[in-house]
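See below for the structure under consideration.
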Amino acid sequence: MKTALFVTDCSVDSALTVRNWLSAHSHQPIRLTVVLPYDIDEGQSLDKKSLQAAKSEASNRLKNWSDLLSATDPGSVVAETLLANPELAISMHLLIRRYDYWLVEDWSLVTNPTLSSILNQPTLQTLPLAINLAPALVTV
Numbered sequence: 001m002k003t004a005l006f007v008t009d010c011s012v013d014s015a016l017t018v019r020n021w022l023s024a025h026s027h028q029p030i031r032l033t034v035v036l037p038y039d040i041d042e043g044q045s046l047d048k049k050s051l052q053a054a055k056s057e058a059s060n061r062l063k064n065w066s067d068l069l070s071a072t073d074p075g076s077v078v079a080e081t082l083l084a085n086p087e088l089a090i091s092m093h094l095l096i097r098r099y100d101y102w103l104v105e106d107w108s109l110v111t112n113p114t115l116s117s118i119l120n121q122p123t124l125q126t127l128p129l130a131i132n133l134a135p136a137l138v139t140v
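Each residue of the sequence shown is one higher than the one before, starting from 1 at the first, in the UniProt record's numbering.
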C-alpha cells in the first residue's frame, strides 16, 4: 500500500481537493496521513492550560475537516495534530517517516529552500504531487 502525507489548514477547499484526489485514485489503495499544525495564540504563555486548549481546538477542527472526507475509506486516512508551523510539520514528517507521496496544494512550499533540500536527499523517496491540478505526478 502506498503512503502519502498531506498537511492541512482545515479549509473546506482543502478537504474537497483531498476527497477528489482520493476518489480519482481509488483504484490504488493509499494510506493518507493528514497533519494539522497548530500553535498557541501570540503573546500567550506556553503552559499546560494554554497547550491543552490549543490542542483541543486543533483536534476539533481536524475532526470536522476529516468528516468532509466521508466518501473515502475511513481506514485509509489517519489524522494527527502537531504543535508546529506548516514547514516544520512537513520537514519532521518527511525526515522521520517514510512516505511515497507528499500531496501539495501550495507548490511554493516545494520551492522553499529548507523543504527543497529535504526532498533532494538521496535517501528520501518521497515525490511531491500537485493535487489541486489534474491528478498527475509532478517531480521537482
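Glycine included, every Cβ here is placed at the ideal spot set by N, Cα and C.
Closest to residue i by C-alpha separation, out of the options, would be which residue?
{"i": "ALA36", "options": "LEU69, ALA58 and LEU115", "result": "Reading the sequence as shown, one finds Leu at residue 36 and not Ala. The shortest C-alpha separation from LEU36 is found at ALA58."}
{"i": "ASN112", "options": "ILE131, LEU129, THR123 and ILE90", "result": "ILE90"}
{"i": "THR126", "options": "VAL110, LEU115 and TRP102", "result": "TRP102"}
{"i": "ASP9", "options": "ASP106, THR3 and TRP21", "result": "ASP106"}
{"i": "ASP67", "options": "ALA15, LYS48, ASN85 and ARG97", "result": "ALA15"}
{"i": "GLN121", "options": "ALA130, SER108, ILE131 and ARG98", "result": "ARG98"}
{"i": "TRP21", "options": "VAL77, ASN60 and THR123", "result": "VAL77"}
Please classify residue i: does DSSP put it in a helix, a strand, or coil?
{"i": "PRO29", "result": "coil"}
{"i": "LEU51", "result": "helix"}
{"i": "LEU62", "result": "helix"}
{"i": "GLU42", "result": "coil"}
{"i": "SER56", "result": "helix"}
{"i": "residue 143", "result": "In the structure displayed, the chain extends from 1 to 140; residue 143 sits before or after that span and is not available."}
What does DSSP give as the partner residue(s) for residue i in the beta ladder?
{"i": "THR3", "result": "ARG31"}
{"i": "ALA79", "result": "VAL34"}
Would you kindly report the start and end of the unbroken alpha helix (DSSP H) that includes residue i?
{"i": "THR17", "result": "12 to 24"}
Give the range of the beta strand (DSSP E) segment to which residue i is assigned.
{"i": "ALA84", "result": "Taken as a continuous stretch (DSSP letters only), ALA84 belongs to no beta strand (DSSP E), as it is neither H nor E."}
Please give me, in chain order, every unbroken run of the alpha helix (DSSP H) with length at least 4 that falls completely inside the segment 91 to 131.
113 to 119
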